[in-house]
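Read the structure below first, then the notes.
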Amino acid sequence: MSINEERSANGIIRPGFDRRTLLKTLGVGAVGAAGIPLLAACTGGSAPGASASASTSLTFGSGSSDDVPKAAYKAVTDAFTAKTKDKVTTNVVPHNDFQNKISTYLQGSPDDAFTWFAGYRMQYYAGKGLLAPIDDVWGKIGANFSDGMKKASTGPDGKMYFVPNYNYPWGFFFRKSVWAEKGYAVPKTFDELKTLCAKMKSDGLVPIEFTDKDGWPAMGTFDYINMRLNGYQFHMDLTAHKESWDQKKVSDVFDTWKALLPYQNPAALGMTWQDGAINMGKKKSGMFLLGSFVTQQYTDKTILDDIDFFPFPEIAMEGQDAVEAPIDGLLLSKKGGNNQAARDFLAFMGSPEGQDAYAKVDPSNIATAKGADTSTFSPLTKKCAETIANAKSISQFFDRDALPAMANNVMIPALQGFIKDGTIDVKNLESQAKALYAAQ
Amino acid sequence: MSTPTELSDSARRGSHAGQKPPARPRRMSGRVRRLSRRDKVVLGIMVGIPTLVQLAFVWIPTLLSVFLSFTRWNGLSLSDIRAAGVANYSYVFTDNPAFWPAVQHNILWLLFLAVIATPLGLLLAVLLDQQIRGSKIYQSIFFVPVMLSLALVGIIWQLFYQKDNGLLNFLLGTAGTPAAVDWFGNSSINIWAALVAATWRHAGYVMILYLAGLKGVDASLKEAASLDGANATQTFFRIVFPAMAPINIVIVVITIIESLRAFDVVWVINKGTNGLELISALVITYLIGEGQSIGIGSAFAVILLVISLVPITIYLSRTFRKEKF
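Line order of the protein sequences matches chains H and D. Taking the numbering used here, I'd label the letters of the first sequence as residues 35 to 474. Taking the numbering used here, I'd label the letters of the second sequence as residues 12 to 336.
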């Protein structure tokens with residue numbers, strides 16, 4: 035981390051710096067144990083380079099460590115550097131580590147800009163004052179985004195914090211060829227879904243591919259049944275713990291789900307979503323309720339072109355209005371708030387230009403800015419994008435909308451238990467929720 | 012400061028054993044007084060620095076954990092710490108559905124290591140202690156698991172246990188069929204799968220310790236036994252094994268401690284859910300990561316500490332009692 039600090043401080047000393055940045059640099063130098071050599075390095079080392087290009091720099095922390103997204107963010111930073119001459123130093127951290135250490139990261143010496151999610155997971159840190167508000171950036175990019183996106187980027191204090199990059203919908207994915215061969219039709223209602231499942235089962239398929247070794251994929255099913263039964267607002271209130279878990283509405287979700295349990299892959303608890311994707315690729319299962327990232331698993335173009343998607347059928351309320359479409363994007367750390375280059379970088383990410391640079395490398399996601407290039411979209415991506423665009427409300431997925439401790443420590447074991455034997459103790463969920471939300 | 016008390020203390024304990032009570036402390040304290048000023052400074056530094064290190068890295072964090080277990084804290088700023096009374100403990104004992112299964116699993120872990128893994132390690136040590144060819148190579152092979160990193164352990168066992176592509180199901184001929192055993196996903200099987208993986212590590216560890224112990228046994232004892240007509244089994248159980256008493260105690264303690272801090276294998280499989288709950292995994296779940304809830308995590312940690320104190324106390328009291336001989 036100290037290396038980053040050195041780098042950013044290094045770049046700030048340049049012709050045309052203002053007094054505050056100078057003081058800040060001095061402060062950083064004086065505080066750090068390596069203060070003197072650092073300052074010496076600044077005056078000595080960076081002077082020639084600085085006078086030549088007059089460039090500024092920023093650091094960018096990225097949790098997108100998989101090959102494709104990593105290359106995609108590199109394309110964005112390269113495009114940004116090419117456009118503005120601002121140098122971007124990217125620190126890529128394996129995404130699980132990045133997520134798990136976010137609290138310490140933000141309190142330590144975070145990068146100026148970093149990748150994160152919309153929803154509770156963003157608002158929480160915004161509320162704690164660990165992020166820099168970017169209303170000025172939104173002044174430039176606001177027109178590029180829908181109201182839903184804007185709402186998802188707003189902090190608890192009403193200021194803007196988040197710049198959406200892409201999102202991806204959750205829904206049922208399936209192989210067109212299997213469905214055409216067996217003559218299946220897309221179910222619009224829950225009853226149709228059940229009938230379809232029964233038919234698939236008699237055809238020797240696993241009707242619904244289901245994987246939950248990691249615990250979180252089952253939340254998608256929970257969220258959808260919950261939103262279709264009780265509505266989007268109830269989902270938001272439940273995840274914010276404004277609604278109790280110990281009520282009929284919640285037990286109804288599990289009762290409804292029970293009808294699907296016999297059709298879900300019985301081996302779910304030993305499988306990761308990648309295993310499930312392989313099963314569907316091999317035509318062993320009929321459909322798979324997952325995010326559109328499932329397509330990343332199919333490197334074979336013929337399979338990839340054979341994948342189609344339909345939204346979760348309606349049950350009782352709001353039809354198919356709500357879509358679960360988690361948004362990934364960028365935030366500015368408190369420290370990064372003082373760096374104009376970092377603000378420019380976020381504005382760039384919020385422009386169609388920046389999002390195109392990303393999407394060109396990682397086409398499995400859907401750019402969020404209006405005016406982003408959709409001409410290269412595959413029919414599937416187009417369908418996903420339309421589903422999101424037509425959604426009346428967009429949820430962020432349980433583990434992004436709810437308190438992380440509730441999602442990770444309570445829901446994962448509870449859902450795994452439910453998948454195992456169909457039992458759930460909503461009273462216990464409520465008492466756990468009470469204890470955990472009280473601790474925040 | 013601590014030196015004189017310790018000496019007189021052991022002297023006092025010695026008095027129970029029937030030694031001359033008044034003479035000994037006087038002689039001891041006389042010796043202490045003979046230390047020069049410089050000796051005292053050196054001693055002070057030698058005792059003081061480890062004590063400070065111990066304080067900074069063990070005792071202060073421990074006490075802080077105990078303190079935090081009675082609070083609610085989000086881990087962000089110190090002013091967010093709020094008193095919670097025993098709420099965290101009541102959460103652990105009554106609300107958390109994973110706690111009691113975790114306790115049971117830790118006990119099962121202890122029994123399994125004690126009954127299977129440790130004797131297996133002893134067996135390996137005895138076998139490798141015979142002058143067989145390539146003994147060093149075998150030793151290294153069995154010891155390798157102890158040195159492997161968490162991530163590698165995970166990958167290795169994934170290869171064995173995977174349901175559709177794993178080695179075990181392939182050997183059973185069930186890979187890819189509905190009859191395939193779900194080693195990780197079936198909550199009544201996965202604990203045994205994890206225990207086998209743990210044994211794989213633990214046996215190597217025990218083996219190395221016993222190998223050292225066996226080398227330390229006086230060869231003349233064995234010779235004497237065989238002269239008296241004892242067979243190999245008798246020699247081992249009546250002569251060699253009792254002669255390794257100090258190692259045995261270390262092994263017992265290590266087995267207990269390993270079963271309490273059992274963590275890595277389970278964490279790699281599924282982070283300690285779905286039939287693999289362990290106390291240490293709960294501590295990590297609640298203390299580290301996004302699901303951080305420091306008060307509750309600390310409460311788990313304190314409970315684990317209290318449980319650990321039992322074998323530690325027994326061990327320490329035994330070693331200190333030994334020293335007087």
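Glycine included, every Cβ here is placed at the ideal spot set by N, Cα and C. The model shown is predicted, which means the values in this text are computed figures rather than measured ones.
Query: Coil, strand or helix - residue 159 of chain H by DSSP; Result: helix
Query: Residue 137 of chain D, enclosing alpha helix (DSSP H) - first and last residue; Result: 129-140
Query: Counted within 10 angstroms of its Cβ, other Cβ atoms place residue 248 of chain D as buried (16 or more) or exposed; Result: exposed
Query: Residue 126 of chain H, DSSP secondary structure in three states; Result: strand
Query: For residue 120 of chain D, the first and last residue of its enclosing alpha helix (DSSP H); Result: 110-123
Query: Closer than 8 Å at the beta carbon, the chain D residues around residue 428 of chain H; Result: Result: empty, since nearest Cβ-Cβ is about 22 Å, beyond 8 Å.
Query: Boundaries (first-last residue) of the alpha helix (DSSP H) holding residue 181 of chain D; Result: 178-183
Query: Cutoff 7 Å: residue 309 of chain D Cβ touching any chain H Cβ; Result: no
Query: Nonlocal neighbours in the same chain, by C-beta distance under 8 Å from residue 278 of chain D, ignoring five residues either side; Result: 161, 292, 295
Query: The beta strand (DSSP E) enclosing residue 361 of chain H, as first and last residue numbers; Result: 361-366
Query: Whole-Å CB distance - residue 258 of chain D paired with residue 221 of chain D, under 8 Å assumed; Result: 6 Å
Query: Residue 174 of chain H - DSSP class collapsed to helix/strand/coil; Result: helix
Query: Where the alpha helix (DSSP H) through residue 99 of chain D begins and ends; Result: 98-101
Query: Buried/exposed call for residue 209 of chain H, threshold 16 Cβ in 10 Å; Result: buried
Query: Residues near residue 309 of chain D by beta carbon distance below 6 Å, same chain, minus five either side; Result: 76, 79, 80
Query: Straight-line Cα distance separating residue 163 of chain H from residue 62 of chain H; Result: With a pLDDT of 40 at residue 62 of chain H, under the threshold of 50, the predicted position of this residue should be treated as unreliable, though the coordinate-derived value follows. Going by the C-alpha atoms only, they are around 21 Å apart.
Query: Close Cβ partners of residue 93 of chain D (< 8 Å) along its chain, the five nearest in sequence each way excluded; Result: 82, 83, 84
Query: Reduced DSSP secondary structure (H/G/I, E/B, other) of residue 220 of chain H; Result: coil
Query: Pair within 7 Å by beta-carbon distance, residue 467 of chain H and residue 275 of chain H; Result: yes
Query: 7 Å Cβ shell around residue 180 of chain D - same chain, five flanking residues per side excluded; Result: 174, 186, 191, 192
Query: Under 7 Å by beta carbon: chain D residues contacting residue 465 of chain H; Result: 106
Query: Neighbour-count burial assignment, residue 136 of chain H, 16 or more Cβ in a 10 Å radius; Result: buried
Query: Length at least 4, wholly inside the segment 241-325 of chain D: the alpha helix (DSSP H) runs in chain order; Result: 256-271, 275-281, 290-298
Query: Option in H:404, H:372, H:399 with minimal Cα separation from residue 385 of chain H; Result: H:404
Query: Residue 294 of chain H, DSSP secondary structure in three states; Result: coil
Query: N-terminal and C-terminal residue of the beta strand (DSSP E) that residue 196 of chain H is part of; Result: 196-201
Query: Residues in the segment 299-330 of chain H having any Cβ partner in chain D nearer than 9 Å; Result: 300, 301, 302, 303, 304, 305, 309, 312, 313
Query: Extent of the continuous alpha helix (DSSP H) run through residue 237 of chain D; Result: 230-238
Query: Anticipated Cβ contact below 8 Å, residue 206 of chain D with residue 120 of chain D, distance rounded; Result: 7 Å
Query: Whole-angstrom distance between residue 91 of chain D and residue 317 of chain H, CA atom to CA atom; Result: 53 Å
Query: Min CB distance residue 275 of chain D to chain H below 7 Å; Result: no
Query: Where residue 150 of chain H falls: helix, strand or coil (DSSP); Result: strand
Query: In DSSP terms, what residue 204 of chain H is bridged to; Result: H:325
Query: For residue 188 of chain H: DSSP bridge partner residues; Result: H:194
Query: Rounded straight-line distance, which links the Cα of residue 311 of chain H to that of residue 227 of chain D; Result: 57 Å
Query: Proximity to residue 252 of chain D [Cα-Cα], best of D:312, D:137, D:70; Result: D:137
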